[in-house]
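Worksheet: the structure to be examined is printed underneath.
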Amino acid sequence: KKKKKKKKKKKLIALHPTKDIVATVSDDMSWKLWTVPNGELLMSGEGHKDWISDCQFHPVLGTFLVTASGDKTVKLWDFAKSICVATYEEHTHAVWSACFHHDGEFIASSSMDHTCKLWDVNTGKCRQTYRGHVDSVNFVRFQPLTHNMCTASSDKTVSFWDLKSGLCMQTLYGHHNSVNHLSFNATGEFVVSCDADGIIKMWDIRTIKELYSIDTGKSTNFCSESLLDKNERRIIAASDDGKIKVYETYTQKLLGELASHEEAVSTRFKAPKTLILEQVARTVQDGHRTHKKTNSRESNCSKLYHMYKQYIEADEINFEN
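In UniProt numbering, the protein residues as written are 1 to 321.
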């Protein structure tokens, strides 16, 4: 008999907007809060009935966490009260992604049911449903400094939506496989998208043109995320082969590579903190299976945390450390 290949577990990670805290969610249906760099477990929560696919902290208050799940729901959690304060239930299939609007008043969610929804945090009601994709909507984020929303889909497209009217304003074509992730620069003029073939594309939203494409290589099993750093000088790519690669924006040259754990990599927080903090969180905790820390783990975490500090302060990464 052929030995079955072990399926890789995914742990999604989100960075708190103001504190050295990360949230992790996993296939075990729970979310957890950890300190960095020491990896102390602060809090955990359960309530979903299936795997959790995404999470994000409230951008203003920081005391709320939104989670998306395979149980077709989106949940809003209040840390101060240690309870789930709202459950949004109108999706008809698994929810892949959820995020807060920049002012924290709205939540967007995207689903395998081919739709994206806009939820009012204050009333708990669905304000708008966005239809147009012909396959699963894998990722959603709000475009900075606008009233627009952007989605990545398994129908190989990236689409922009007007929040109020619910209409699709523009669709970007060019990917040849499922688009899994996207990220904007700070001003919302550029967007980076990645697909299941390991292809990353940079788009100029003002001219609706593809600027260039990066092939992350055949060794990349599945490009799960791509992020543009704050100075637009580097693109950070994470993949299901457990690797994180960094490319120079203007030359598309591979600057360096960091090997992660054997498990799939997912980096769900804003650049430039993405690269190092994701490694910190994964090194400190084997998140949803054990809370034990070894001296080796603490040493590795300390090293990575100093790399993170150096990167934030000097805006550089030393791949030799």
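Ideal Cβ placement from N, Cα and C applies to all residues, glycine included.
Computed from a prediction, not measured in an experiment: that's the story for all the values here.
For residue i, which residues from the same chain have a beta carbon less than 7 Å from its beta carbon, with the 5 sequence-adjacent residues on both sides left out?
| i | result |
| --- | --- |
| residue 63 | 78, 79 and 80 |
| residue 254 | 245 and 247 |
| residue 71 | 48, 49 and 50 |
| residue 182 | 139, 141, 150, 152, 158, 191, 192 and 193 |
| residue 296 | Note that residue 296 scores a pLDDT of 42, beneath 50, so its modelled location is shaky; the value from the coordinates is reported in the next line. No residues qualify anywhere along the chain. |
| residue 252 | 212 and 214 |
| residue 177 | 156, 195, 196 and 197 |
| residue 135 | 114, 153, 154 and 155 |
| residue 45 | 30, 31 and 77 |
Who are the near neighbours of residue i in its chain, counting only those whose CB is closer than 8 Å to its CB and skipping five residues on each side?
| i | result |
| --- | --- |
| residue 189 | 204, 205 and 206 |
| residue 69 | 29, 48, 49, 50, 51, 52, 53, 75, 94 and 95 |
| residue 12 | 24, 25, 26, 52, 53, 54, 55, 266 and 268 |
| residue 173 | 156 and 157 |
| residue 82 | 43 and 45 |
| residue 20 | 35, 36 and 37 |
Opposite residue i in the DSSP bridges: which residues?
| i | result |
| --- | --- |
| residue 127 | Partner(s): none; residue 127 has no beta bridge. |
| residue 148 | 162 |
| residue 15 | 22 |
| residue 248 | 234 |
| residue 80 | Per DSSP, none; premise fails for residue 80. |
| residue 254 | 247 |
| residue 134 | Its beta-bridge partners do not exist; DSSP assigns none. |
| residue 143 | In the DSSP output, where bridge partners are listed per residue, residue 143 has none listed. |
| residue 179 | 195 |
| residue 210 | 203 |
| residue 46 | 30 |
| residue 119 | 107 and 126 |
Do residue j and residue i come within 8 Å of each other at the CB atom, strictly closer than that value?
| i | j | result |
| --- | --- | --- |
| residue 139 | residue 157 | no |
| residue 107 | residue 95 | no |
| residue 60 | residue 124 | no |
| residue 129 | residue 115 | yes |
| residue 395 | residue 159 | Residue 395 lies beyond the residue range present for the chain, which begins at 1 and ends at 321; the question has no answer from this structure. |
| residue 175 | residue 201 | yes |
| residue 119 | residue 109 | yes |
| residue 66 | residue 100 | yes |
| residue 144 | residue 187 | yes |
| residue 185 | residue 228 | yes |
How close, in whole Å, do the beta carbons of residue i and residue j come, if the pair is a contact with beta carbons under 8 Å?
| i | j | result |
| --- | --- | --- |
| residue 16 | residue 22 | 7 Å |
| residue 162 | residue 133 | Incorrect: roughly 15 Å between the Cβ atoms, too far for contact. |
| residue 92 | residue 113 | 4 Å |
Ignore the nearest five residues each way along the sequence and tell me which others in residue i's own chain have a CB closer than 6 Å to its CB.
| i | result |
| --- | --- |
| residue 233 | 249 |
| residue 89 | 73 |
| residue 131 | 115 |
| residue 211 | 202 and 204 |
| residue 168 | 132, 159 and 161 |
| residue 18 | 62 |
| residue 329 | Residue numbering for the chain in the displayed model covers 1 to 321; residue 329 lies beyond these limits and cannot be assessed. |
| residue 117 | 109, 126 and 129 |
| residue 148 | 160 |
Is residue i near the ligand NAP, judged by its Cβ being under 7 Å from some heavy atom?
| i | result |
| --- | --- |
| residue 142 | No copy of the ligand NAP appears in this structure; indeed no ligand is present at all. |
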